[in-house]
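All remarks here apply to the structure that follows.
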Amino acid sequence: MNRANKQPPGGKKLPVHLLLIVVFFLAVIGFIALGLFYYRYEARRIQNEKYGEISAIARLKADSMQDWRRHRLADVRRVPGPLVRKEMARLLTDPKNPGAKAALQIQLHINRKGAVYADALFLNTKCAVLLSDNPDPVPVGPATKKAIEAALRDRKEVLSEFFRDPKGIIYIDAVAPIPDNSGKPIAVVVLRSNAADFLFPLIQSWPIPSRTAETNLVRRDGDSVLFLNELRHRSNTALTLRFPLSDTALPAARAVLGEYGRFYGRDYRGVEVLAMLQPVPQSPWFIVAKVDAEEILAEARYRAWIIAVIVLLLVLVSAGLVGIIYRNRQEVERKRADEQIRTLNAELEQRVHDRTAQLEAANKELEAFSYSVSHDLRSPLRGIDGFSLVLLDEYQDALDERGKDCLVRVRAASRRMGELIGDILKLSRVSRTEIQSETVNLSVMAHTIAEELDKANPDRHVEFMIADNITGCGDPHLIRIALENLFHNAHKFTRNNNHAKIEFGITAYEGRLVYYIRDNGVGFEMEFADKLFGAFQRFHAG
5 MNRANKQPPG
15 GKKLPVHLLL
25 IVVFFLAVIG
35 FIALGLFYYR
45 YEARRIQNEK
55 YGEISAIARL
65 KADSMQDWRR
75 HRLADVRRVP
85 GPLVRKEMAR
95 LLTDPKNPGA
105 KAALQIQLHI
115 NRKGAVYADA
125 LFLNTKCAVL
135 LSDNPDPVPV
145 GPATKKAIEA
155 ALRDRKEVLS
165 EFFRDPKGII
175 YIDAVAPIPD
185 NSGKPIAVVV
195 LRSNAADFLF
205 PLIQSWPIPS
215 RTAETNLVRR
225 DGDSVLFLNE
235 LRHRSNTALT
245 LRFPLSDTAL
255 PAARAVLGEY
265 GRFYGRDYRG
275 VEVLAMLQPV
285 PQSPWFIVAK
295 VDAEEILAEA
305 RYRAWIIAVI
315 VLLLVLVSAG
325 LVGIIYRNRQ
335 EVERKRADEQ
345 IRTLNAELEQ
355 RVHDRTAQLE
365 AANKELEAFS
375 YSVSHDLRSP
385 LRGIDGFSLV
395 LLDEYQDALD
405 ERGKDCLVRV
415 RAASRRMGEL
425 IGDILKLSRV
435 SRTEIQSETV
445 NLSVMAHTIA
455 EELDKANPDR
465 HVEFMIADNI
475 TGCGDPHLIR
485 IALENLFHNA
495 HKFTRNNNHA
505 KIEFGITAYE
515 GRLVYYIRDN
525 GVGFEMEFAD
535 KLFGAFQRFH
545 AG
């Protein structure tokens, strides 16, 4: 008991704090270890689950394509019936026989089944087209000729390889021989399918939402693997994209080499993928169903992020507890700082108030001075202009041409001085005007200013090109002043142009709407561009 009494007050708090810190760090380490274990477990589980999905999709697509091939062969097998064989023999005996042509044309139309097939054709054994249900049949190419040769040789229906027509459309033909009564093939029937109508959409579709999943249809082409369909992540690849079989990291190459089932490698983009390799029975085709590894592991990473957030929350809670300890100690300093801030704010507000009052007084004095100066300056200017006019009117006979020219210049200078005084007053009033923002029809305002310029200068012909329905938001009075100034400047500095043009419009520049006034006047040097909108700046003489 005596030992306990000798411990300093609060001596037990420090060990408790240390214990809490140790427990906290142990908990953090434990959560991190648990999160890593959980991430690895989930990654394996999700990978197996995705492989199962991909495997089911690959089998489904392989079965669907097998059914599609079987139906095409069954359709073309039914065409060479007794009627077709009979009429074909008549047509080959008499190529101009209208009855045979009509009967066979009807059979083509019937067996085309509306829009199921892109075309139905009868060809002779030399691969020449006898009849077609399409008025503009696709020319017979090497793939079709090869299929016809196989059908005539084996005396059974076959499917051709995919091929492109001159327009770039990909087709596949179902070919069947047409025998005579002795069983010898005398012609062939071709049912032509557009791969984009059903087969390619069947391959490219994916039954569940996915950002990267796709199915590739491939076959062996010599020492390469050829991609038969359009790819999701690269355009214009059907029948053109190929890779060497030596690229063993490529799932498509492994598929045509006979590998079957799961495969982890890099696809045609060089991206790591989880793939399922599946041959299409009774065909030279192979299915490669794949998904980017990054997408498959995204869910596991998402859950790992949840664990990380939980750990972070624990850190924040602990940091908050530590912060409470210091909060009370800092409360006094905070209150003192708040009081100082309030005092400074009050002083600043008072200074702003005093300064505002001084500025208002100065503005009033400036306004009074401006009107006084305007009145005092306008009086002598009116006198100068008036006396000059009297001299020109009453004493023009006593003046020579130089004297008259001097008086005209005096009057022009006095009027210019009056305009400058007026501009100074306008600038003074504008700077004190409170802005009232509203929607303004700038086109109407521009037309009004143009009409005023035409009336004030009847001896000039200026072509105004003003776009319709231009609107803007701002103070109508200030906008009017700005437009007047710009139009007057444009009008003034095109006076030496016999075909003056002034254009007002709107355009887009760097994501913003820009209003412009353009003229074919004298212009100005770009070195003075920074002074363009300064008050009372001049770039030209006169």
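The numbering of the sequence shown is this note's numbering, which starts it at 5 and goes up by one. Cβ atoms here follow ideal geometry from the backbone N, Cα and C, with glycine treated the same way.
Of the residues Leu156, Asp169, Phe167, which one's Cα is nearest the Cα of Pro189? Counted from its first residue, the sequence shown places residue 189 at position 185. If we check each option's Cα against that of Pro189, Leu156 comes out closest.
Using 8 Å as the Cβ pair cut-off and three pairs as the minimum, do the stretch 460-471 and the stretch 504-513 touch? yes
Spatial distance of Ala417 from Asp458 (CA atoms): Against the sequence shown, residue 417 aligns to sequence position 413. Against the sequence shown, residue 458 aligns to sequence position 454. When rounded, the distance between both Cα atoms is 23 Å.
Please name the residue, chosen from Arg223, Tyr55, Ser239, Val192, that lies closest to Ile300 on a Cα-to-Cα basis. Locating residue 300 in the sequence shown gives position 296, counting from the first residue. Here the closest residue by C-alpha is Tyr55.
Ala548 to Asp225, Cα distance in whole Å? What the structure shows of the chain is the stretch from 5 to 546, and residue 548 is not part of that stretch, so it cannot be assessed.
For Phe267, count neighbouring C-beta atoms within 10 Å of its own C-beta (all shown protein chains included) and say buried if the count is 16 or more, exposed if not. Translated into positions along the sequence shown, residue 267 becomes position 263. Result: buried.
Bridge partners - Asp523, DSSP secondary structure assignment: Here residue 523 refers to the residue found at position 519 when the sequence shown is read from its first residue. According to DSSP, Asp523 bridges with Ile506.
Got a sec: does the ligand ATP put a non-hydrogen atom nearer than 7 Å to the Cβ of Gln282? Of the ligands one can find in the structure shown there are none, so the ligand ATP has no counterpart to examine.
Best match in Arg359, Trp210, Arg273, Val193 for proximity to Ser239 [C-alpha to C-alpha]: What you label residue 239 is simply residue 235 of the sequence shown in a count that begins at 1. Of the candidates Arg359, Trp210, Arg273, Val193, the one whose C-alpha sits nearest the C-alpha of Ser239 is Arg273.
Please go through the same chain and pick out, in chain order, the residues whose beta-carbon is closer than 6 Å to the beta-carbon of Glu161, but skip the five residues on each side of it. Here residue 161 is taken as the residue at index 157 of the sequence shown, counted from 1. Within the same chain, Glu161 has close Cβ partners Leu77, Val80, Arg81, Ala180.
Considering Cα atoms alone, identify which of Leu363, Leu125, Ser209 is closest to Asn138. Within the sequence shown, numbered from 1, the residue matching residue 138 stands at position 134. The option with the nearest alpha carbon to Asn138 is Leu125.
Other residues of its chain near Ile182: CB distance less than 7 Å, five sequence neighbours each side excluded: On the sequence shown, residue 182 is found 178 positions in, with the first residue counted as 1. Excluding sequence neighbours, Ile182 sits near Pro84, Val88, Arg89, Met92, Pro189, Ile190, Ala191, Val192, Val193.
Mapping DSSP to helix, strand and coil, what is Ala124? For the purposes of this step, residue 124 is identified with residue 120 of the sequence shown, where counting begins at 1. Looking at Ala124 - three-state DSSP - the assignment turns out to be strand.
Since Asn233 and Ile207 are thought to touch, with beta carbons under 8 Å apart, how far apart are those beta carbons, to the nearest angstrom? Within the sequence shown, residue 233 is the residue found at index 229, counting from 1. Within the sequence shown, residue 207 is the residue found at index 203, counting from 1. Between Ile207 and Asn233 the Cβ distance is about 5 Å, and since that is below 8 Å, they are a contact.
Roughly how many angstroms lie between the CA atoms of Gln440 and Tyr306, to the nearest whole one? Along the sequence shown, one-based indexing puts residue 440 at 436. Along the sequence shown, one-based indexing puts residue 306 at 302. Straight-line Cα distance between these residues: approximately 53 Å.
So Met421 and Leu385 are supposed to be a Cβ contact under 8 Å. How far apart are they, rounded? By one-based count along the sequence shown, residue 421 stands at place 417. By one-based count along the sequence shown, residue 385 stands at place 381. At roughly 6 Å, the Cβ-Cβ gap stays under 8 Å, so Met421 and Leu385 are in contact.
Once DSSP output is grouped into helix, strand and coil, what is the label at Gly546? Residue mapping note: residue 546 aligns to position 542 of the sequence shown, counting from 1. Note that Gly546 has pLDDT 47, beneath the 50 cutoff, so the model's placement of it is unreliable and no number is given.
Determine, using beta carbons only, whether Glu353 comes closer than 8 Å to chain B. The chain labelled as chain B is not found in the depicted structure, where only one protein chain is given.
Residue of Glu276, Arg223, Thr241 minimising C-alpha distance to Ala259: Counting from 1 along the sequence shown, the entry for residue 259 is found at position 255. Checking every option, the nearest Cα to that of Ala259 belongs to Arg223.
Are there three or more Cβ pairs, one per stretch, closer than 8 Å when the stretch 92-105 is compared with the stretch 248-265? no
Nearest to Asn473 (by Cα), restricted to the options Thr219, Thr443, Tyr43: Within the sequence shown, numbered from 1, the residue matching residue 473 stands at position 469. Of the candidates Thr219, Thr443, Tyr43, the one whose C-alpha sits nearest the C-alpha of Asn473 is Thr443.
Close Cβ partners of Ala8 (< 8 Å) along its chain, the five nearest in sequence each way excluded: Reading the sequence shown from its first residue, position 4 is the one you call residue 8. Per-residue confidence for Ala8 stands at a pLDDT of 44, beneath the threshold of 50, marking its modelled position as unreliable; no derived number is given.
Tell me the residue span of the beta strand (DSSP E) that contains Thr241. Taking the sequence shown and counting its residues from 1, the one referred to as residue 241 is at position 237. Careful: Thr241 lies outside any beta strand (DSSP E) and carries neither H nor E.
DSSP beta-bridge partners of Gly478: For the purposes of this step, residue 478 is taken as residue 474 along the sequence shown, with counting starting at 1. Answer by DSSP bridge pairing, in chain order: Glu442.
Element boundaries [alpha helix (DSSP H), containing Ala259]: Reading the sequence shown from its first residue, position 255 is the one you call residue 259. 255-260 is the extent of the alpha helix (DSSP H) around Ala259.
Give the DSSP bridge partners of Asn220, in chain order. For the purposes of this step, residue 220 is taken as residue 216 along the sequence shown, with counting starting at 1. Per DSSP, Val292.
Beta-carbon proximity list for Met69, same chain, < 8 Å, skipping 5 on both sides: Within the sequence shown, numbered from 1, the residue matching residue 69 stands at position 65. Leu203, Leu206, Ile207, Leu221, Val284, Ser287, Trp289, Ile291.
Looking only at DSSP bridge pairs, what is Ala155 linked to? As a working mapping, residue 155 is identified with position 151 in the sequence shown. The partner list for Ala155 (beta bridge, DSSP) is empty, contrary to what the question assumes.
Three-way DSSP call (helix, strand, coil) for Leu195 in this model: Residue 195 sits at position 191 when you count from the first residue of the sequence shown. Residue state, collapsed to three classes: strand.
Go ahead and pull the three-state DSSP assignment for Ser59. Indexing the sequence shown from 1 puts residue 59 at position 55. It is helical.
Which of helix, strand or coil DSSP assigns to Ser164: On the sequence shown, residue 164 is found 160 positions in, with the first residue counted as 1. Note: Ser164 maps to coil in three-state DSSP.
By the 10 Å Cβ neighbour count, where 16 or more other Cβ atoms means buried, how is Lys117 classified, buried or exposed? For the purposes of this step, residue 117 is identified with residue 113 of the sequence shown, where counting begins at 1. Classification of Lys117: exposed, given that the 10 Å Cβ count is below 16.
Do Ala454 and Phe497 have their beta-carbon atoms positioned less than 8 Å apart in this structure? Working through the sequence shown from its first residue, we reach residue 497 at position 493. Working through the sequence shown from its first residue, we reach residue 454 at position 450. Against a cut-off of 8 Å, the Cβ pair of Ala454 and Phe497 comes out as no contact.
Count the other CB atoms within 10 Å of the CB of His495; is the residue buried (16 or more) or exposed (fewer)? Position 491 of the sequence shown, counted from the first residue, corresponds to residue 495. Looking at its Cβ environment, which holds 16 or more other Cβ atoms inside 10 Å, His495 is buried.
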